[in-house]
Amino acid sequence: MRTLYLLRHAKSSWHDETLSDFDRPLKKRGREAAKMVGQLIRKEKLSDLLVVSSPAQRTRETTKIVLKHASLDPEVRFDPQIYEAELSGLLEVLGKVESDHESLMIVGHNPGMENLLRLLTGASREMPTAALAKIKLDTESWKSLSGSEGHLEWLKVPKDED
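Be aware that the sequence shown starts at 13, since it is given in the working numbering, and climbs by one per residue.
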């Protein structure tokens, strides 16, 4: 049994129109939401977690803040394939993860996060910014995932506070 956490990046800023989509930072409320996600994850008492994140600025910031407030220091990989990924690309990212990792967190973007959640669990749930889903997977290897192996244990969204 494996555990997959899907985390959509926190709320980002469109304030600076000179920045590309890839370089957009988090808004203040996004940073606050990421802190709340980190506190939620701390209650999970995770061990042997691998984090694979999109390299976009907003996902990097989300990852850093979440892990700090979760009091975790796991291995973090940045995979460009997650940015603007289609479902097939996200499955390829999962397939690259070594079997010795029992728990995995993917930090990415929509619509990819929602599509992966639907494929693995059959759950058609929205994943707003900073949403975190916990999926239990009945599989021996990350490489063998193809769909419907998972059970959505929960999906949580921190309250936006301006």
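Think of the CB as a built atom: it goes at the ideal place given N, C-alpha and C, for glycine as much as any other residue.
Keep in mind that this is a model prediction, so the values were computed, not measured.
Alpha-carbon to alpha-carbon, residue j and residue i
i, j, result
"residue 78", "residue 21", "10 Å"
"residue 85", "residue 40", "23 Å"
"residue 83", "residue 51", "9 Å"
"residue 114", "residue 120", "20 Å"
"residue 116", "residue 30", "34 Å"
"residue 56", "residue 107", "24 Å"
"residue 27", "residue 140", "20 Å"
"residue 123", "residue 150", "24 Å"
Same chain, Cβ closer than 6 Å to residue i, neighbours up to 5 away in sequence not counted
i, result
"residue 90", "65 and 67"
"residue 95", "66 and 68"
"residue 81", "47, 50 and 51"
"residue 153", "111"
"residue 54", "82 and 83"
"residue 70", "21, 24, 36 and 38"
Other residues of its chain near residue i: CB distance less than 8 Å, five sequence neighbours each side excluded
i, result
"residue 10", "What is shown of the chain runs 13 to 174, which leaves residue 10 out entirely."
"residue 158", "103"
"residue 105", "64, 91, 93, 94, 97 and 118"
Sub-8 Å separation of residue i and residue j beta-carbons
i, j, result
"residue 13", "residue 148", "yes"
"residue 162", "residue 16", "yes"
"residue 8", "residue 135", "Since the first and last residues shown for the chain are 13 and 174, residue 8 lies out of range."
"residue 74", "residue 88", "no"
"residue 19", "residue 144", "yes"
Which residues DSSP lists as bridging residue i, in chain order
i, result
"residue 24", "38"
"residue 75", "For residue 75, which the question treats as bridged, DSSP gives no partner whatsoever."
"residue 65", "90 and 119"
"residue 163", "148"
"residue 54", "Per DSSP, none; premise fails for residue 54."
"residue 14", "149"
"residue 171", "According to DSSP, residue 171 bridges with nothing at all."
"residue 157", "According to DSSP, which records beta bridges pairwise, residue 157 is partnered with nothing at all."
Residues near residue i by beta carbon distance below 7 Å, same chain, minus five either side
i, result
"residue 127", "99"
"residue 146", "15, 17, 165 and 166"
"residue 181", "The question about residue 181 has no answer, for the chain in this structure spans 13 to 174."
"residue 60", "113, 114 and 115"
Segment limits, alpha helix (DSSP H) that includes residue i
i, result
"residue 133", "124-133"
"residue 99", "99-107"
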